[in-house]
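Chains as they are written, first to last, in my numbering: chain A, 219 to 516; chain B, 1171 to 1523.
To keep things clear, I will list the structure first and then write my remarks on it.
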Amino acid sequence: MIHDLFTIFAAQSFWIAVLRIGTPLILGTLGVLLCERCGVLNLGIEGIMVAGAYTGWLAVYHGANLWVGVLVGAATGAAFGLLHALLTVGLALAQHVVGLGITLLATSLASFSYRLHFPRVTTPPTIQPFAEMHWLHIPVLSAQTPLTLLALVLVPLVGYGLYRTPAGLALRMAGENPAVVEAQGLSVYAVRTLALAAGSALMGVAGAYLTLSEFNAFFSTWSMDAAGSAWRWWSSPRGGRARRCWGHCSSRPLMPCNCGCSNRAAALCPTRFSSCCPMCSPSSPLSWSPAARPTRRR
Amino acid sequence: MQLVPYADSSRWRLVLAPVWALAATLVLSALLIAWAHAPVGRAYALLLQGAFGSRFAWSETLTRATPLILTGLAVAVAFRARLFNIGAEGQLYAGALAAVAVGGLHGGTGWNLPVVILFPAMLAAAALAGALLLLVPALLKTRFGVDEVVTTLLLNFIALLLVSLLLDGPLKDPGAMGWPQSVALNPALEMAPLLAKLRVSSGLLVAVAVALVVYVLNQHTVLGFEMRAVGANAVAARFAGMPVGRVVLKTALLSGAIAGLAGAVEVAGRTTYVTLDMSPGYGYTGIVIAVLAGLHPLGVVAVAIFIAGILIGADGMSRTLGVPTYLADVMVAIALLAMLTSTMLARYRIRWR
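See the structure below:
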């Protein structure tokens, strides 16, 4: 047991996965940090990430450059941040209720627009995502995409900005003692509005990372839409194998696909439930145990 | 810009606030419908018809409204005392688990109790589970000043993972062919449908009864007065000699119990077992409903039916016109933000400097 843990921690693939899953968290948390430090609780992050993921992906799907997609995601985030600021800073409404409202609004708007653009897709349309930085020649980092590098660079940058610049001081002051900001001749409204826009832009980038780097499609709603067709297939004789591995596969749609297909998540694999999952793969035994778990490629 | 309270406290401005909010929602949603190239008037007509146009539509709307009334009440009770319970979702699942544990394990016969006792026991267990789940953040708040927004929100995910754990463990239904679902409730414990051949169950009556109890509690009891006082101004309430911490704890128990009851009513009235996707965010929608109702218990009932109507009506409208069903969620979100804005603007006016 302990030995297994050591083996896992020693594996390079483990740290690659940690950094990959950590990137959206780093970006999103930096965004929340800016909002929280200026005195506004931004519970809209969940929805802002979804909206950024969607618009960034949509821009790239319509032929934009990947980095333009990231910028579009950031702009979407900033727009929702400004809405949040208008309601919580300008109108002084309850921050957590507005935050939940923004989450609901952004998520449902993204899903609405997605269904409008792609009314009848069963497999989500894909894009060519960011390539890994093989040119970097640093063990774990070279298996990541440039957005991970961006996230890692942003951490000291945000730290420097917050603690070593007048703007950062004003931002923290707005959170800890707004009266002092006024006394300095600055506007608390302006400071908080800008901080919310900047923070939400980072959340938008965090979302864009999900669709432009971690995966290659937008499918936050896909699993729901597919439920109906999945059920019909489920009841068919061929579904028997999947029925047994449902608990394994369906609860982990974000599991990287290791069946050799080009999709990065098991849920997007065209041979869904058949070869993505070690348990339902025709060639493997129908029992799934940690020991039988195939190691990640890359 | 600056917010200045109106000098005169006129009543009609507050009464008109929901009307403005509703108008704003309809106009903004009309833009989305037009974006989907659908006729706006027809879309709204179909939405209304799908929600309230027939016996079947009413049944579906009320079925959806039942858990929403209860989670809306849970949130309204807590918000009234300024206990920001974002965790109704988790408490609902805790209640559902408790209901199945009491009324489903060994077919509910493991306790060797007659149904007359088992049914109340099931409801009580669900209420207790929800109450206990909210007691933890409430204690953290009153003892250590921990922000309950964050703790209750994060407890939702813990509760959901606990459900996932139990659905793969002790509560797993061996006859479900691998579906992650719990054992089914003893059929004798299921709530009967209110109308023949329709889905709406007597759980609706439970929900409405709870709303009435909360209303009476709020308006005509000492505890209700204390809860409102603590919510209006905790410092003044303490100055007046009220045990603020204890009132917050009682509020938490009540709010959590109502949310837990929502889980039991869902299980006994609709699903008969627990799954991971049992609630499409009832707890979060409850917050929307409570805010839209102005935290009034009877208003919660009306708003819950209205919101359920939008959600149900959008399905039928979507099938006919091809407007994505997510329109309903957008409408609910816009309604929430518009209502918050319009009530604020009914009390304060904006002065541009």
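For each residue, glycine too, the CB sits at the ideal point set by N, CA and C.
Computed from a prediction, not measured in an experiment: that's the story for all the values here.
| query | result |
| --- | --- |
| Nearest candidate by alpha-carbon position, reference residue 1453 of chain B, set A:318, A:418, A:228 and A:425 | A:318 |
| Helix, strand or coil at residue 1351 of chain B [DSSP, three-state] | strand |
| Partner residues on chain A for residue 1173 of chain B, Cβ-Cβ distance less than 9 Å | 308, 309 and 310 |
| C-alpha gap between residue 1386 of chain B and residue 1392 of chain B, whole angstroms | 11 Å |
| Residue 1172 of chain B in three-state terms, based on DSSP | strand |
| Assumed close pair residue 1534 of chain B, residue 1353 of chain B - CB separation to whole angstroms, cut-off 8 Å | Residue 1534 of chain B is absent from the structure shown; chain B starts at 1171 and stops at 1523. |
| Span of the alpha helix (DSSP H), counted from its first residue to its last, around residue 1252 of chain B | No alpha helix (DSSP H) holds residue 1252 of chain B; DSSP gives it neither H nor E. |
| From B:1171, B:1493 and B:1522, residue whose alpha carbon lies closest to that of residue 1204 of chain B | B:1493 |
| Endpoints, the alpha helix (DSSP H) within which residue 255 of chain A is located | 230 to 255 |
| Beta carbon of residue 1465 of chain B nearer than 9 Å to that of residue 1246 of chain B | yes |
| Cβ pair residue 1250 of chain B, residue 1445 of chain B closer than 9 Å | no |
| Secondary structure, alpha helix (DSSP H): runs of 4+ residues fully inside the stretch 1256 to 1344 of chain B | 1258 to 1273, 1285 to 1314 and 1318 to 1337 |
| Per-residue burial, residue 400 of chain A [other beta carbons within 10 Å of its own, 16 or more giving buried] | exposed |
| Near-chain A residues of the stretch 1244 to 1262 of chain B - C-beta to any C-beta below 9 Å | 1249, 1254 and 1256 |
| Interface flag, residue 1487 of chain B vs chain A, CB-CB below 9 Å | no |
| Simplified DSSP assignment, three categories, for residue 332 of chain A | helix |
| Residue-chain proximity (residue 1494 of chain B, chain A), Cβ-Cβ < 9 Å | yes |
| Through-space distance from residue 1369 of chain B to residue 1482 of chain B, alpha-carbon basis | 14 Å |
| Burial state of residue 1299 of chain B, where buried means 16 or more other Cβ atoms lie within 10 Å | buried |
| Under 8 Å from the C-beta of residue 319 of chain A: neighbouring residues of chain B | 1458, 1503, 1506, 1507 and 1510 |
| Residue 407 of chain A at chain B interface by Cβ criterion, 9 Å | yes |
| Beta-carbon proximity check, residue 299 of chain A vs residue 273 of chain A, cutoff 9 Å | no |
| Residue 1403 of chain B vs residue 1394 of chain B beta-carbon contact at 9 Å | no |
| Option in A:384, A:228, A:297 and A:281 with minimal Cα separation from residue 418 of chain A | A:297 |
| Sequence-distant residues of the same chain with beta carbon closer than 7 Å to residue 1517 of chain B, five excluded per side | 1175 and 1176 |
| Residue(s) in a DSSP beta bridge with residue 1519 of chain B | B:1174 |
| Paired residues, beta bridge with residue 1445 of chain B - DSSP | B:1351 |
| Boundaries (first-last residue) of the alpha helix (DSSP H) holding residue 394 of chain A | 384 to 394 |
| Cβ-based neighbour list, residue 1461 of chain B, same chain, cut-off 7 Å, excluding 5 preceding and 5 following | 1506, 1509 and 1510 |
| Residue 1425 of chain B in three-state terms, based on DSSP | helix |
| Partner residues on chain B for residue 314 of chain A, Cβ-Cβ distance less than 8 Å | 1254, 1256 and 1319 |
| With 16 other Cβ atoms within 10 Å as the buried cut-off, status of residue 1457 of chain B | buried |
| CB contact below 9 Å: residue 1499 of chain B versus chain A | yes |
| Integer-rounded CB distance, given that residue 237 of chain A should sit under 8 Å from residue 358 of chain A | 6 Å |
| Integer Cβ distance of residue 330 of chain A from residue 1497 of chain B, believed to fall under 8 Å | 6 Å |
| Residue environment, residue 453 of chain A, which counts as buried when at least 16 other CB atoms sit within 10 Å | Note that residue 453 of chain A scores a pLDDT of 35, beneath 50, so its modelled location is shaky and nothing firm can be said. |
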